[in-house]
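So the protein sequences, as listed, match chains F and Z.
First residue of the first sequence? That's 69 in this note's numbering, and the numbers climb one at a time after it.
First residue of the second sequence? That's 2 in this note's numbering, and the numbers climb one at a time after it.
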Amino acid sequence: MRAQAHRLLLAAGFAAWSLAGVGSLASAQVDKAADLRFPPLRETTAPTPQRVVLDNGLTVLLLEDHELPLVDATALIRTGSLDEPADKVGLADLTGRVLRTGGTQRQSGDEIDDFLENRAATIETSISDDAGSARLSCLREDFFDTFQTFADILRRPAFDATKIELARNRSIAEVARQNDDPQDILDREFHEIVFGKDSPEARSPTFASLAAIRRADLVAWHAKYFHPERVVLGIVGDIDPAATLAKVREVFGDWPRGAAIQERAPKPPHEVKPGVYTVDLDEIPQSNIAMGYLGIRRDDPDIFAVEVLNQLFGGSFASRLFANVRSKKALGYVVYGGVNSDWGRPEVTELVLTTKGQTTGAGVAALLDEARRLFTEPPSDTEVEEAKKALLSSFVFTRDSVRKTLRQRQTLEYWGYPADWFERYRSGVEAVTTEQVRKSAQRLIHPEKFAIVVVGPAALRERPLSDFGPVTPLDITIPGAPKAGKQP
Amino acid sequence: MTFRHALRWLSAAILFAAALVCPPVTAQSLASFEQRVTVHRLANGWTFLLVRRPVAPVFSFVTLADVGSAQEVPGIYGLAHMFEHMAFKGTPNIGTTDWPAEEKALALVETAYQAWQAERLSPHPDAAKVQTLEAEFKQREEEAGRFVIKGEFDSLIQREGGVGLNASTGADTTRYFYSLPANKLELFAYLESERFFHPVFREFYQEREVVQDERRYSVDSQPVGKLIEQLLGSAFITHPYSHSTIGAVSDLQTFTRTDAEAFFRTWYAPSNLLTVLVGDIDPATAIPMIEKYFGRIPARPMPPPLRTVEPEQIAEKTIVLKDRTEPIYIEAYHKPAVTGPDEPAWDVLDLVLANGRASRLYRSMVRDKKLAVQVSTFSGIPGAKYPHLWGVFVVPAQGASLDKVRDAVRAELDRLKSGDTTDAELSRAKRRVRATLLRDLQSNEGLARQLADAQRSYGDWRETFRYLDRVDAVTKADVQRIATATFIDSHRTVGEVIRDEQPAPGPTTAQEGN
C-alpha cells in the first residue's frame with residue numbers, strides 16, 4: 069500500500085511549468101507569521117433567495133444552486149415540545165417522528181420507506197423544543213415525486229398505530245438508557261437546575277408520560293399546529309424556480325389556514341439556587357463538571373460584545389479556558405464555556421470541564437478562578453482585538469455555500485429576525501469596544517451565583533465540594549424502571 | 002475511540018466507497034475533475050493534490066499522515082495520537098518567547114523526567130529519591146513553561162479566520178485539517194510546513210495528562226468504548242489492530258518526549274505525508290508557495306511496512322462486559338483490507354442489510370420482531386488498511402433477550418449466505434452509493450476527505466470515481482460469496498454489555514496509580 073501511494077500524476081503540461089516556477093521563490097525565507105502579507109480577499113455577497121408568501125400564508129424561500137444535481141427542501145413549522153402538557157412529555161417528539169414513519173393517506177409508512185430508498189432520497193421529520201422540521205433531500209430528477217410525498221407527510225399524515233408503538237419503543241429505550249452516559253446525565257441535570265426541574269425547557273419523558281400518550285394526541289397535535297401560515301418552506305439546489313414555485317402552489321396552495329392559537333407567553337426566568345449539586349458515580353474515573361445559570365436570547369442588546377467575550381473566554385482553542393485550564397494546568401480534556409444564546413429563548417451560561425476524579429476540586433476551582441479573572445484581569449485591548457479579528461476574518465464562512473445561505477435566511481424568517489442579521493452581526497462585532505466586552509462580563513458573569521453540577525466518582529475527590537457551597541445530592545433514579553437483571 | 006468515533010470512521014469508509022454509479026455521471030464527473038485536480042509531488046516526497054472549486058473565496062485542506070496506532074509497539078501504545086496533540090504546540094518560530102533559552106530548558110525537563118522515571122520504574126524504587134526527582138522534574142517543567150506563548154499556533158490560524166481547526170488519529174492514519182479564507186494560502190503553507198518541519202514538543206507532559214483524561218472520557222466512562230476495546234483485544238491475537246488508538250494507561254503514564262521525537266522522525270517523513278487542498282486556489286500561485294515552504298523539509302527514508310499479518314481466527318470468542326448500563330450487542334467478523342477486490346460488494350452488502358428503514362435488519366429486528374431500537378453494521382474497525390473487523394451493532398429494545406437478538410442477527414446473515422438478495426435491493430444499493438458520493442462532493446471538506454482517502458489507499462485519487470464502475474459490476478452472487486466466506490462461527494467475536502449493579506472493579510483506582 070504505502071509503496072504505491074506516491075505515484076506521480078502530474079496534470080498534462082503542468083510538469084514543465086512547475087519546475088520552471090520554483091527556483092526564484094524558494095530563496096526568500098519567512099521566520100515569523102507576522103511577516104506574512106496577504107492579498108485582499110475577493111468580496112462576495114450572499115445570494116438573495118426569492119421570497120413568496122402564498123395566499124394561505126405559507127412562506128416560501130427559493131435559491132438555485134446548479135453545481136450538483138441535488139435538491140433539498142426544508143419546512144420549519146411553528147410548534148415545539150415547550151407546549152406539551154406535563155403529563156404527556158414526549159408527545160411532540162413522538163408526533164415529529166411518526167409524522168414521517170406513520171405513512172400518509174396515499175402511501176403507508178413502509179411504502180414511503182421503499183419509495184424513498186428506491187430513489188436514494190431521504191425525508192426526515194422531527195419536533196424539538198421550539199421548532200418542527202421536515203427535510204427532504206433527493207436527486208434532481210426525483211424532486212417533484214418526492215416533494216409530493218413531502219407535502220402529504222406535512223398535510224395528511226396517517227399516524228399508523230403500529231408505527232406509534234415502534235416510536236414509543238424507542239422512546240422507552242431512551243428513558244431506560246438515560247443514565248448510561250455521564251455526559252448525558254450532566255447535561256440533563258444541569259438543564260433541570262438552570263431552567264427548573266419541571267420546566268418545559270428541562271423536563272424529559274418518563275415511562276409514565278410515554279405510556280399516557282394516545283394516537284388521538286398525535287392527531288390533535290398535528291391538527292392544531294400544522295397549517296400553512298405557521299410554515300416557512302425553503303428549497304435550494306438544482307431547480308428551475310418558476311417550475312418549482314408552480315409545484316409548491318400545486319401541492320400546498322389549497323392547504324387551509326388553521327384556527328388562531330394562543331402562543332405561549334414569555335415567563336419570568338427561573339431563579340437558580342447557587343451551590344453544588346452532585347451525582348455520585350463511583351464506577352467511572354472522571355468527574356464531569358458544569359457550572360452556570362441562564363444565558364441570553366440572541367436579540368439581547370449586548371449580543372455582539374458577548375460573542376467577542378465568548379471567543380476570548382472559552383469558545384476556541386486560543387481562549388483563556390483552553391490555554392489555562394487545559395494546556396497549562398492540564399486538568400482535563402473537555403473544557404469550554406461562555407454565555408450561550410438562542411434565537412427564541414435564553415440558552416445557558418456554562419463552564420464545562422472533564423477531569424480525573426482526583427482533581428475534581430482543582431477543576432471546579434480552576435473554572436471559578438477563570439470566571440473571576442474576567443474582573444481581576446479584565447479582557448485587554450489585545451485580547452478583544454484578537455477575538456474580533458477571529459470572528460470577522462472567518463465571516464466569509466457564513467456565506468460560503470448557497471445551501472448555508474438559504475438555511476440562514478429560513479432561520480431568520482422563522483424567528484422573525486431581520487433578513488440582514490448576518491450583515492448586522494459583522495458590523496456589530498466590528499464596533500465592539502473593550503469597555504463593552506468588560507461591561508457585558510460584569511452584567512452576565514456572576515460566579516457567586518453559579519449552580520455547580522458534578523457527575524463522577526465521589527470516593528476519589530481530593531477535597532470536599534462543600535468548599536464551593538452547600539452540597540445537594542441529586543437522585544437520578546429513573547421512576548418506574550424495572551428491577552435490574554430482569555430480562556424477559 | 003468511542004463507538005461514536007468508530008461510527009464516524011465507518012461512515013467515512015462508506016462514503017469513500019461511494020462513487021458515481023450511473024455511467025453518464027461517472028464519465029462526466031471524472032472528466033470534470035481531471036480538469037480541476039493538480040497533483041504535485043515535492044522532491045522530498047510530500048504529495049499535494051490541489052482541487053479548484055471556486056464557489057466561494059475559501060479553501061479547506063486535510064493533511065494525511067500515513068501512520069496510526071497500528072504503527073505502535075508495546076510501551077508506546079497511544080503515542081500516534083499523542084503526537085497529533087503535540088502538532089499544535091508550535092515550532093522554534095511559533096509558541097516561544099525565546100527559543101534558544103527554551104531549547105535548553107526543555108532538554109533539562111527531559112533529563113529530569115527520565116531520571117525520575119528510571120527510579121520510579123526500577124525494581125526497588127527509593128521513595129525519598131522518587132520524591133526528590135519528581136520535585137526536580139516539576140521545577141524544570143515550570144522553568145521551561147515560562148517561555149511558552151500559550152496556544153500561539155491556534156491563535157495564528159483563528160485570528161486570520163481559520164475555522165474547523167482540528168485533527169484526528171485512527172489505527173491507520175492521522176489527519177490534520179482546517180479551512181481558511183482564500184487569500185491566506187501562504188499562512189497555511191507556512192504553518193503546515195513549520196509543524197512538520199521542526200515541531201517542538203513543549204508542554205509534553207502536561208499534554209500527556211490531557212490525553213489520559215481523553216481516555217477516561219472516550220473509553221473508561223463509556224460502556225461501548227470499553228466493549229470495543231475488549232473486542233479488538235480479543236479478535237486480534239497478533240496484529241497491532243488489537244490495541245485501541247487511545248492507548249494503554251500504563252504507556253500514557255510513561256512514554257517520553259524522546260519517544261515522541263523518535264516516532265516523529267520515523268513516521269513523519271515527508272514521503273509519508275499527503276495534503277489535499279480544495280477550494281478557491283490557483284495552482285499557478287499555490288505550487289510555488291508550496292515548494293517554497295514545504296520544500297524546506299529534508300527527505301527522509303520511507304518508513305518500513307508493517308510485517309505482521311493476523312492469522313485466520315480459529316476459535317469463536319465472546320466478551321461479556323458487566324456494567325451499570327443497559328445491554329448492547331455486537332458481533333464481528335474478519336474482513337479483508339479496504340483495497341481488496343470485494344470492497345464494492347461489501348458496500349452493497351452493508352446497504353442491503355442495514356441502511357435505513359427499508360433494510361433487512363431494520364425490518365426484521367426493529368419493525369417486525371421488536372427486539373431492537375437501533376441496528377447498524379460497521380466496517381473499518383479499528384482501521385481498514387489491513388484486514389479488519391466488520392460487524393453488526395444492536396441497541397436492544399427494553400427487555401429484549403440477547404439470545405433472541407443474536408438469533409435474529411444470525412438469521413439475516415444466513416439469508417445473505419443463501420443468496421436471496423433481490424435485483425431491486427441490488428439496484429437500490431447502487432443508486433444509494435451514487436447519491437451519497439454526490440452529497441459528499443458538496444463541500445470542500447468532504448471533497449478533500451474523499452480524494453485524500455483514495456490517493457492514500459490506491460495511490461490515485463481517480464479511484465474515487467472509478468470505484469463506481471466496480472460497484473456497478475457487483476452481482477448478487479458476489480454478495481452471497483463474501484457472506485458465505487465471512488460469516489463463519491470460528492471467525493466470530495461477540496461483544497455484550499449486560500446490566501449488573503455490581504460491575505467489575507473499573508479503572509477508577511487501579512489505573513490512577515502513578
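Each residue gets a CB set at the ideal place from its N, CA and C atoms; glycine is no exception.
Please read these numbers as outputs of a predicted model, since none were measured by experiment.
Under 7 angstroms Cβ to Cβ from residue i, same chain only, skipping five residues before and after it: list those, please.
i, result
"F:Arg168", "Ile191, Glu192, Thr193, Ile221"
"F:Ala288", "none"
"F:Ala219", "Val319, Phe320"
Using a Cβ cut-off of 9 angstroms, pull out every chain F residue sitting near residue i, in sequence order please.
i, result
"Z:Leu414", "Near Z:Leu414 there are no residues of chain F at all, since even the closest Cβ is about 21 angstroms away, more than 9 angstroms."
"Z:Glu204", "Ser395, Lys396, Ala398"
"Z:Lys185", "Leu104, Phe106, Leu109, Ser461"
"Z:Lys139", "By Cβ distance, chain F contributes nothing, its closest Cβ being about 12 angstroms from Z:Lys139, past 9 angstroms."
"Z:Glu143", "The premise fails here: Z:Glu143 is roughly 11 angstroms from chain F at the closest Cβ pair, so nothing lies under 9 angstroms."
"Z:Asp348", "Ordered by position in chain F, no residue passes the 9 angstroms Cβ test against Z:Asp348, which lies about 13 angstroms from the chain."
"Z:Val211", "Arg394, Ser395, Ala398, Leu399, Gly400, Tyr401"
Consider the Cβ of residue i: report whether some Cβ of chain Z lies at a distance smaller than 8 angstroms.
i, result
"F:Thr422", "yes"
"F:Asn237", "yes"
"F:Glu454", "yes"
"F:Asp182", "yes"
"F:Gln478", "no"
Any beta carbon of chain F sitting closer than 8 angstroms to that of residue i?
i, result
"Z:Lys418", "no"
"Z:Val495", "no"
"Z:Lys323", "no"
"Z:Gly162", "yes"
"Z:Ile95", "yes"
From this set, the options, which residue's C-alpha is nearest residue i's C-alpha?
i, options, result
"Z:Leu307", "Z:Arg368, Z:Tyr387, Z:Ser272, Z:Ser245", "Z:Tyr387"
"F:Ala310", "F:Arg506, F:Thr112, F:Leu130", "F:Leu130"
"F:Gly537", "F:Ala527, F:Gly524, F:Arg529, F:Lys517", "F:Lys517"
"Z:Lys139", "Z:Phe205, Z:Ala355, Z:Asn445", "Z:Phe205"
"F:Arg208", "F:Val393, F:Phe294, F:Ile307", "F:Ile307"
"F:Gly343", "F:Tyr361, F:Val139, F:Ile329, F:Glu242", "F:Tyr361"
"F:Glu415", "F:Thr423, F:Gly405, F:Thr422", "F:Gly405"
"F:Gly548", "F:Phe275, F:Glu132, F:Ala199", "F:Phe275"
Where does residue i fall in DSSP's three states?
i, result
"F:Ser508", "helix"
"Z:Asn167", "strand"
"Z:Met83", "helix"
"F:Asp348", "strand"
"F:Phe211", "helix"
"F:Ile145", "strand"
"F:Lys424", "strand"
"Z:Val480", "helix"
"F:His259", "helix"
"Z:Phe198", "helix"
"F:Trp483", "helix"
"Z:Asn445", "helix"
Check the Cβ of residue i against every Cβ in chain Z and list those closer than 7 angstroms, keeping chain order.
i, result
"F:Thr112", "Ala57, Pro58"
"F:Glu185", "Gly357, Ala359, Arg429"
"F:Glu135", "Val56"
"F:Pro62", "In the structure displayed, chain F extends from 69 to 556; residue 62 of chain F sits before or after that span and is not available."
Spatial neighbours of residue i within its chain, please: CB distance less than 8 angstroms, with the 5 preceding and 5 following residues excluded, ordered by chain position.
i, result
"Z:Asp490", "Glu317"
What residues in its chain sit with their C-beta under 6 angstroms from that of residue i, if we drop five residues either side in the sequence?
i, result
"Z:Pro284", "Thr39, Leu51"
"F:Ala235", "Leu162, Arg165, Val166"
"Z:Pro224", "Asp324, Thr326, Val498"
"Z:Leu1", "Because chain Z in this structure spans residues 2 to 515, residue 1 of chain Z falls outside the shown range and cannot be described."
"Z:Phe1", "Limits of chain Z in this structure are 2 at one end and 515 at the other, which puts residue 1 of chain Z out of reach."
Along chain F, in chain order, which residues have C-beta atoms closer than 7 angstroms to that of residue i?
i, result
"Z:Val374", "Asn237, Arg238, Ala241"
"Z:Ala436", "Ala188, Leu207"
Give the residues of chain F in contact with residue i, contact being defined as C-beta atoms less than 8 angstroms apart.
i, result
"Z:Pro504", "Glu351"
"Z:Val367", "Leu234"
Mind checking whether the beta-carbon of residue i lies closer than 7 angstroms to any heavy atom of the ligand GTP?
i, result
"Z:Thr319", "This structure lacks the ligand GTP; in fact it carries no ligand of any kind."
Along chain Z, in chain order, which residues have C-beta atoms closer than 9 angstroms to that of residue i?
i, result
"F:Phe385", "Phe89, Gly152, Phe154, Asp155, Ser156, Ile158, Gln159, Leu166, Asn167"
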